[in-house]
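Trainee: The numbering of the sequence shown is our numbering, which starts it at 2 and goes up by one.
Just so it is clear, CB atoms sit at the ideal spot from N, CA and C, and this is done for glycine as well.
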Amino acid sequence: MRRTKIVSTIGPASESEEMLSRMIDAGMNIARLNFSHGTHEDHARVIQRIRKVSNEKNMPVAILQDLSGPKIRIGIMKKPVELKSGDRFTLFFDDREGDETGVSTTYKDIRFAVEAGDTILLADGAISMQVEEKSDEGILCKVVVGGTLSSKKGINLPTSTLAIPSLTEKDRADLQFGIEHGVDLVALSFVRRPGDVMKVKSMIHRAKKNIPVIAKIEKHEAIDAIDEIIEVADGIMIARGDLAVETPLERVPVVQKNIIQKCNRSGTPVITATQMLQSMVTSPRPTRAEAADVANAVLDGSDAVMLSEETTVGHDPVGVIQTMSRILSAAEKSFHLYWTPP
Numbered sequence: 002m003r004r005t006k007i008v009s010t011i012g013p014a015s016e017s018e019e020m021l022s023r024m025i026d027a028g029m030n031i032a033r034l035n036f037s038h039g040t041h042e043d044h045a046r047v048i049q050r051i052r053k054v055s056n057e058k059n060m061p062v063a064i065l066q067d068l069s070g071p072k073i074r075i076g077i078m079k080k081p082v083e084l085k086s087g088d089r090f091t092l093f094f095d096d097r098e099g100d101e102t103g104v105s106t107t108y109k110d111i112r113f114a115v116e117a118g119d120t121i122l123l124a125d126g127a128i129s130m131q132v133e134e135k136s137d138e139g140i141l142c143k144v145v146v147g148g149t150l151s152s153k154k155g156i157n158l159p160t161s162t163l164a165i166p167s168l169t170e171k172d173r174a175d176l177q178f179g180i181e182h183g184v185d186l187v188a189l190s191f192v193r194r195p196g197d198v199m200k201v202k203s204m205i206h207r208a209k210k211n212i213p214v215i216a217k218i219e220k221h222e223a224i225d226a227i228d229e230i231i232e233v234a235d236g237i238m239i240a241r242g243d244l245a246v247e248t249p250l251e252r253v254p255v256v257q258k259n260i261i262q263k264c265n266r267s268g269t270p271v272i273t274a275t276q277m278l279q280s281m282v283t284s285p286r287p288t289r290a291e292a293a294d295v296a297n298a299v300l301d302g303s304d305a306v307m308l309s310e311e312t313t314v315g316h317d318p319v320g321v322i323q324t325m326s327r328i329l330s331a332a333e334k335s336f337h338l339y340w341t342p343p
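1. Given SER55, which residues of its chain have a CB within under 7 Å of its CB, disregarding the five upstream and five downstream residues?
2. Could you check the C-alpha separation between VAL132 and ARG252 for me, to the nearest Å?
3. Are at least three pairs of beta-carbons, each pair with one atom in the segment 118-130 and one in the segment 172-190, less than 8 Å apart?
4. If you drop the 5 nearest sequence neighbours on each side, which residues of the same chain put their C-beta closer than 7 Å to that of ALA208?
5. With a 10 Å radius around its C-beta and 16 neighbouring C-beta atoms as the bar for buried, classify LEU250 as buried or exposed.
6. Go through its chain and collect everything with a Cβ distance to MET78's Cβ below 8 Å, but skip five positions before and after it.
7. Return the CA-CA distance between LEU158 and ALA216, expressed in angstroms with no decimal places.
8. If we call anything under 8 Å between Cβ atoms a contact, is ILE237 one with VAL271?
9. Scan the segment 46-94 and note each continuous beta strand (DSSP E) run of 3 residues or more that stays entirely inside, going in chain order.
10. Please report the residue range of the beta strand (DSSP E) in which MET238 lies.
11. Identify every run of the alpha helix (DSSP H) within the segment 314-343, keeping only runs that are complete inside it and at least 4 residues long; order them along the chain.
12. Let me confirm a value: ALA331 is counted as buried when at least 16 other C-beta atoms fall within 10 Å, else exposed. Which label applies?
13. Just to confirm before moving on: does the CB-CB distance between SER9 and THR312 stay below 8 Å?
14. Bridge partners of THR106, per DSSP?
15. If you draw a straight line from the alpha carbon of HIS206 to that of GLN262, how long is it in whole angstroms?
16. Identify the continuous alpha helix (DSSP H) that holds VAL192 and give its terminal residues.
17. Are there three or more Cβ pairs, one per stretch, closer than 8 Å when the segment 36-47 is compared with the segment 160-167?
18. Do LEU84 and PHE90 have their beta-carbon atoms positioned less than 8 Å apart in this structure?
19. If you check the beta carbons only, do ASP304 and LYS6 fall under 8 Å apart?
20. DSSP puts ASP43 in a beta bridge; with which residues?
21. Given a threshold of 16 other Cβ atoms within 10 Å of its Cβ, counted over all protein chains shown, does GLY268 qualify as buried or as exposed?
22. Around the Cβ of GLN1, are there at least 16 other Cβ atoms within 10 angstroms (buried) or fewer (exposed)?
23. Using only the alpha-carbon positions, how far apart do GLU232 and SER86 sit?
24. How many angstroms separate the CA atom of SER335 from the CA atom of LYS109?
25. According to DSSP, SER203 sits in a beta bridge with which residue or residues?
26. Less than 8 Å between the beta carbons of GLU19 and VAL47, yes or no?
27. Quick check on GLY155: does DSSP put it in helix, strand or coil?
28. Rounded C-beta distance between ASP185 and VAL214? I'm assuming under 8 Å.
29. Please classify THR106 as buried or exposed, where buried requires at least 16 other C-beta atoms within 10 Å of its C-beta.
30. Hey, out of ALA223, LEU338 and PRO287, whose CA is closest to VAL321's CA?
31. Any idea if ASP225 is buried or exposed, counting beta-carbon neighbours within 10 angstroms, 16 or more meaning buried?
32. Assign GLU134 to one of two classes, buried (16 or more other C-beta atoms within 10 Å of its C-beta) or exposed (fewer than that).
In structure tokens form, the structure reads like this:
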């Protein structure tokens, strides 16, 4: 029996009863609902389907509610623009539509979070800018690495510390929904400190429920406070997408191994996530590097691995899970040869 669990994110490609049934047969252990997308009605419908299919098959599948967290984004662009190295671009404090000169941001207090010389990353790190000066109107930046920018892309501040609340009003409403609909696990995005986890736990306890809380590690502040976060969290998710934007890319593998080792020492379940079999969104087979990535996550001591786009919009969610399961099983057979107790 395979020990490492498979977390599959549910989306347009995988939300039908037929597909959910096939995914469970293929080896899905946990169904992840990403609350950055969809309405409560959408999620209620998917939860009902998962429970129905799981009960019919007499095969337990846990439901993981993934809260959006305080993700900072740019506002609406009139149309996509191409930013080039050396361009000047302003993050405005008002709500104007964006163009080649600048765009608004969902986080108006960004003015207090950055200073001249700080780095601002847009579009999941594809675009890099350096702050030149602040004014009453906005933050003027110089584009260091250009790229195409369209509406609602993410903003990362790898050299700054934010004072933004860890639990937004949307998160609170979503969490209440999750509690009422009996989710089995809750993941909090963009955790920075142990207090962020405790806020979610307090809300759950006030509802007289006992739902485990998973802290997603994707901010540079969380890496600095990882020992304290592990102490209060029921589980850890290494969310390598934003983590690779918030920290230098070359550090991510080492950070991943370090966090897994700390979790193993403390007996805290740990999930390794993001782009594990990304090429299978469109390809029938993974790359050799992806197969090695999945296997190494097991050999390092991961308790679970996660699929995102592979099962939300991929062309063959069932095939992805089957492939993941085979790689996990093969790695587990050699686990005793490579794993050293923490």
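Mentor: Based on what the coordinates show:
1. Position 54 of the sequence shown, counted from the start, is the residue given in the question as residue 55. Around SER55: ILE25, PRO61 and VAL62.
2. On the sequence shown, position 131 is the one that residue 132 refers to. On the sequence shown, position 251 is the one that residue 252 refers to. If you take the alpha carbons of VAL132 and ARG252, they lie about 24 Å apart.
3. no
4. On the sequence shown, residue 208 is found 207 positions in, with the first residue counted as 1. Only ILE180 meet the Cβ criterion.
5. The sequence position of residue 250 within the sequence shown is 249, counting from 1. Classification for LEU250: exposed.
6. As a working note, residue 78 is residue 77 in the sequence shown. GLU98, GLY99, ASP100, VAL104, LEU150, SER151 and SER152, listed in sequence order.
7. Numbered from 1 along the sequence shown, position 157 holds the residue referred to as residue 158. Numbered from 1 along the sequence shown, position 215 holds the residue referred to as residue 216. So the two alpha carbons sit approximately 20 Å from each other.
8. Position 236 of the sequence shown, counting from 1, holds the residue named residue 237. Position 270 of the sequence shown, counting from 1, holds the residue named residue 271. Yes, the pair counts as a contact, with Cβ atoms nearer than the cut-off.
9. 63-68, 82-84 and 89-93
10. For the purposes of this step, residue 238 is taken as residue 237 along the sequence shown, with counting starting at 1. 236-240 is the extent of the beta strand (DSSP E) around MET238.
11. 318-334 and 336-339
12. To locate residue 331, count along the sequence shown from 1; it is residue 330. Exposed is the call here.
13. Position 8 of the sequence shown, counting from 1, holds the residue named residue 9. Position 311 of the sequence shown, counting from 1, holds the residue named residue 312. Yes, they are a contact pair.
14. Locating residue 106 in the sequence shown gives position 105, counting from the first residue. Per DSSP, ILE75.
15. Counted from its first residue, the sequence shown places residue 206 at position 205. Counted from its first residue, the sequence shown places residue 262 at position 261. Between HIS206 and GLN262, the C-alpha separation is close to 29 Å.
16. Here residue 192 corresponds to residue number 191 of the sequence shown, with the count starting at 1. Premise fails: VAL192 is in no alpha helix (DSSP H) and is neither H nor E.
17. no
18. Mapped onto the sequence shown, residue 90 falls at position 89. Mapped onto the sequence shown, residue 84 falls at position 83. In this structure, LEU84 lies closer than 8 Å to PHE90 by Cβ.
19. Your numbering for residue 304 matches position 303 in the sequence shown. Your numbering for residue 6 matches position 5 in the sequence shown. Yes, Cβ-Cβ distance for ASP304 and LYS6 is below 8 Å.
20. Within the sequence shown, numbered from 1, the residue matching residue 43 stands at position 42. In DSSP, ASP43 forms no bridge with anything.
21. Here the question's residue 268 lines up with position 267 in the sequence shown. That one is exposed.
22. A question about residue 1 goes unanswered here, because the residues of the chain that appear run from 2 up to 343.
23. As a working mapping, residue 232 is identified with position 231 in the sequence shown. As a working mapping, residue 86 is identified with position 85 in the sequence shown. Rounded to whole angstroms, GLU232 to SER86 spans 43 Å at the Cα level.
24. In the sequence shown, the residue the question calls residue 335 occupies position 334. In the sequence shown, the residue the question calls residue 109 occupies position 108. Between SER335 and LYS109, the C-alpha separation is close to 51 Å.
25. Here the question's residue 203 lines up with position 202 in the sequence shown. Answer is none; SER203 lacks a bridge partner.
26. Here residue 19 refers to the residue found at position 18 when the sequence shown is read from its first residue. Here residue 47 refers to the residue found at position 46 when the sequence shown is read from its first residue. Contact: no.
27. In the sequence shown, residue 155 corresponds to position 154, counting from 1. Here GLY155 sits in strand by DSSP.
28. In the sequence shown, residue 185 corresponds to position 184, counting from 1. In the sequence shown, residue 214 corresponds to position 213, counting from 1. The pair is not a contact, with the Cβ atoms about 12 Å apart (cut-off 8 Å).
29. Against the sequence shown, residue 106 aligns to sequence position 105. Label assigned to THR106: buried.
30. Here residue 321 refers to the residue found at position 320 when the sequence shown is read from its first residue. For the residues ALA223, LEU338 and PRO287, the minimum Cα distance to VAL321 belongs to PRO287.
31. One-based indexing of the sequence shown puts residue 225 at position 224. Per the 10 Å Cβ criterion, exposed.
32. In the sequence shown, the residue the question calls residue 134 occupies position 133. Classification for GLU134: exposed.
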